[in-house]
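Chains as they are written, first to last, in my numbering: chain D, 1 to 506; chain W, 1 to 424; chain G, 1 to 238.
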């Protein structure tokens, strides 16, 4: 029997029909579905032991406590404590270290050599954008150790605001309800004060304020001057009645004027409405080791002669209020060397010669300044949750090394100094226990701080006087948009901007 | 060169001319495949559909071609079940058009879904409450029916007939033609209806939501009626178009007016039903859901003109034209009315998909507009090109018009000259 | 374990539109950062805060998420392959992205626009995938997703209860991410079956008959009028 083509066809057809009765083709079809369910390229979340760690957020000066849910050591979700919720930035801050635009490379050694050489002969200035930290003391000590060291900061002193005493707030562009102070405290105090928001665009705060004064762009200072009796109200675009109404509201006591820039007009206005001593109060600073006392004072930028700074080192790793570059530039000598420590090139990196990579929350080991609405001094550590990548430089260590400061753990020293004074209480977040530090040992105090704890000074006692005018501090805060434009924004927050109209202005 | 494949007794253009004809369509098809490929490989972000416009050009296209391809089942129903013998002149062409429309729609659907590999989930985990399940099952079955109906037409090709196996197979298959016609009608009835039901059940969009009979909203029946009305019109249109392009007489002069009359009658019933349904919707259904009907038409460009256009301009007007024997006898009027009727059905499908989705439901919804991206348009044009190519090959090599052989070439017959009037 | 009906009570007067709920939701549910080309019409925001204005300078913010419709659930009845089901134990309308074909019929059906399609494959910058929540599976492109009241947290609460030998979960263990994150407490999670009179307030598009489980409250008349009104009466942002 010869095998014909027909036989082959019959065999093939029969085989195909038979195959349909086997699991094979159905399995293949199911496998395609399984493949589509395990789509290659979709990351699988890492599993592991779930742990809770505590730290403080450093994205803004409020320094809210953070409860981090971690898989092993990796934070996967951040939350606030009961009654102290985090804002949108804090909630997604744990993703910042992996931001695609984050600066991760920089030749630190070359910079160190260069700066050391020039520091011998030229004046070196450090610009600290979040004064009041322990790192700020390190900078001041370093500048005192250098032959011609200058410590610059946007403000001489950071005052405190007594939210309980506030009845009227005039905000000149400050996002009071959208990232000022400790958000939870501000929102809790909201029913008790009247907010007048003065700014050109209807910001989020303006939408929620009791009154929105639509100023002509750039006329915030003019409004302050007009209210301080210095005339010029027509530059604001507001009517005389409107300005008069504001003046009357401010005159009723419990007033507070906030601005994005420190200026004599704002200080004068706060003085006129009696803010100093009532709503703007002094705050005792947490103790520092006595050996730190001979530290450079804060130099006002205006007090510097033009073209005098040879090397400018900017700590942008914790930045709240930016000084305008034009103001800084005029103080720079020809061929000045400007280095900024930042995690994004969008801030001073646009002007600096070099941007060196700085740690970003939650990598930074730092302490948190007391929030502006905290009447008592606080000492809280931003316990690092994540190791920074190789090549990232801590600006504090860099500057300390530059000035040959003895290698030390400044944070530990400070904690010991605070403990030595014996005032205040330590709150542990894990169990909400509050203990007086007199009852615990030094090492326990340090351990408690590192596990996410917060030291608060006792209320009452002798307060330092508010500095006399005209150098009384103003309460200055940057608008959130301006701050956000400089740093790497947590990707899920910029998502808000792109995928909803929630943050689009009118 | 390919003379052997072309049927005896009919003339077709030279191979060179044919190649010149199919070249641009092939190019368009390739562009369509490229566009579809982009969507499959890069994802549906290549389209301009978004979370509000979950359905876009492709769904509108699918609904329209399926409605227009209804000529296939309806002509089969009329010919084999209702014994309207004159329609034998166009049944083959109708089947090819149906096949082309449905296969094109299915192809577009496979690109439209986010995970085409999971297409079989609907068959394995069907949801009996969903209109889309019904549509999926029905369209798949009906495409199979169309394939089985198309096969004999292919097998009757002059060259393929020489294979005895094919001839026998075709002969046996022809015995089933009544079963197939019946099955086709039954399936088409349901999926044309379910396509309407897709939108009629949308409780969340009171613009589309309709009350009806048991689980079937009124749009179920309206879509069946409109498809039955559009089908013959589309057959009429395509036959006339093919006749014009190939410069041949393909059917006896009484066939087209007959199709027009059938379409006209159904269109009239449809317009009546649609008017009643619209009145009920305006006065009861929509207000019952908290939405006043006039609000829908306060969003530009969807003013009340669109309702007027759909029901009167593209509905009542062609219906009346097609019902008038005098006008039906004039080719210009006949073809224009058929075009209007098909456009009306397209407009209805556009309203049910795009206008439904554009309109806000929540009070703080904006009214949004949508315009297809070039990838979507390319895919759509590729489907059209596919249809034209399949039809072109079928027309060239298969006997789509059995009456062609007995008809003479048209001798300078001026347009608009009345043909023999009959009982049409 | 007795069947529960979980719902939410949202106080519009307390919402400041800060967006913390939106971010917390994205963190919990492994929603990726915005891809190139994303905008407010193609983005995935399981909870979205809309802004409404009364035209006279007053603003309010309304968070909208899946309303977990209890009756005539539009998405459940229309899904061709049963990728959406109402969980009888919790009343939560659960979406199974693994079953989803991506036909988007459910998206056309939802009147609250609470369903989102993955127009892109999710992509995280290098290293950021370490921050993903292991309790929630990331989705692939071409499937629909939506809020499920952080169902993963409910499962975790059940596991905890089971480990402690209890049948019912401890309510403190099951709090959706948005509720946990809201700084003013505007979003409250509640168990509707325990409140026979209902939480009061109004619901969106009540006349459609979908029986949503999200109840909104406001003391301001204009807010109630606008938010509860149907169909684009108010030009608002969101």
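The C-beta atom is built at its ideal place from N, Cα and C for all residues, glycine as well.
Note down the Cα distance separating residue 66 (chain W) from residue 364 (chain W), rounded to an integer number of angstroms. 35 Å
Contacts around residue 397 (chain W), its chain only, beta-carbon distance under 7 Å, and the 5 residues preceding and following it disregarded: 5, 6, 157
Paired residues, beta bridge with residue 190 (chain G) - DSSP: G:7
Give the list of continuous alpha helix (DSSP H) stretches no shorter than 4 residues that lie fully inside the segment 69-121 of chain D. 88-91, 108-119
Can you give me the start and stop residues for the alpha helix (DSSP H) that residue 174 (chain W) sits inside? 164-175
Going straight from the alpha carbon of residue 65 (chain G) to that of residue 290 (chain W), what length do you get? 21 Å
So for residue 177 (chain G), helix, strand or coil by DSSP? helix
How would you write the range of the beta strand (DSSP E) that residue 289 (chain D) sits in, first residue to last? No beta strand (DSSP E) holds residue 289 (chain D); DSSP gives it neither H nor E.
Classify residue 63 (chain G) as helix, strand or coil using the three-state DSSP reduction. strand
Between which two residues does the beta strand (DSSP E) harbouring residue 117 (chain G) extend? 115-117
Short of 7 Å in beta carbon distance, which residues of its chain neighbour residue 190 (chain W), apart from the five on each side in sequence? Order them along the chain. 134, 138
Nearest CA to the CA of residue 177 (chain D): which residue from G:23, G:85, G:168, G:18? G:18
Spatial neighbours of residue 140 (chain D) within its chain, please: C-beta separation below 7 Å, excluding the five flanking residues on both sides. 151, 295, 296
Indicate the three-state DSSP secondary structure (helix, strand or coil) for residue 271 (chain D) in the structure shown. helix
Chain-order list of residues whose beta-carbon lies under 8 Å from that of residue 327 (chain D) (same chain, five-residue window excluded): 301
8 Å Cβ cutoff, residue 33 (chain D) in contact with chain W: yes
With DSSP run on the structure shown, which of helix, strand or coil describes residue 136 (chain G)? coil
Would you give the residue range spanned by the beta strand (DSSP E) that residue 14 (chain D) belongs to? First-last for residue 14 (chain D): 5-20, but that is the alpha helix (DSSP H), not the beta strand (DSSP E).
At least one CB of chain W closer than 8 Å to the CB of residue 469 (chain D): is that the case? At residue 469 (chain D), the pLDDT of 49 sits below 50, so the modelled position is not reliable; the number obtained from the coordinates is stated separately. No, residue 469 (chain D) lies away from the interface with chain W (no Cβ there is under 8 Å from its Cβ).
For residue 353 (chain W), which residues in the same chain have their Cβ closer than 6 Å to its Cβ, ignoring the five residues on either side in sequence? 55, 59, 60
May I ask which residues mark the beginning and end of the beta strand (DSSP E) holding residue 380 (chain D)? 378-382
Go through its chain and collect everything with a Cβ distance to residue 318 (chain W)'s Cβ below 6 Å, but skip five positions before and after it. 337, 340, 341
Whose C-alpha, out of D:149, D:257, D:438, D:340, is nearest the C-alpha of residue 173 (chain D)? D:257
According to the Cβ coordinates, are residue 255 (chain D) and residue 314 (chain D) closer than 8 Å? no
What is the rounded straight-line gap between the Cα of residue 491 (chain D) and the Cα of residue 421 (chain D)? 43 Å
Please report how far the alpha carbon of residue 417 (chain W) lies from the alpha carbon of residue 253 (chain W), in whole angstroms. Caution applies to residue 417 (chain W), whose pLDDT of 47 falls short of 50 and renders its modelled position unreliable; the value that the coordinates give is listed next. Whole-angstrom Cα-Cα distance: 12 Å.
By the 10 Å Cβ neighbour count, where 16 or more other Cβ atoms means buried, how is residue 122 (chain D) classified, buried or exposed? buried
Using DSSP bridges, identify the partner residues of residue 146 (chain G). G:115
With distances taken Cα to Cα, identify the nearest neighbour of residue 121 (chain G) among W:285, W:45, W:102. W:45
How many Å lie between residue 386 (chain W) and residue 380 (chain W) at the Cα? 10 Å
Name the chain G residues that come within less than 8 Å of residue 357 (chain W), Cβ to Cβ? 108
Taking the CB atoms as reference points, tell me whether residue 343 (chain D) and residue 324 (chain D) lie closer together than 8 Å. no
CB-CB under 6 Å to residue 173 (chain G), same chain, minus the five flanking residues each way: which ones, in chain order? 157, 160
Note the first and the last residue of the continuous alpha helix (DSSP H) segment covering residue 134 (chain W). 131-155
At a Cβ threshold of 8 Å, is residue 18 (chain G) touching chain D? yes
Please state if the CB of residue 114 (chain W) and the CB of residue 94 (chain W) are separated by a distance shorter than 8 Å. no
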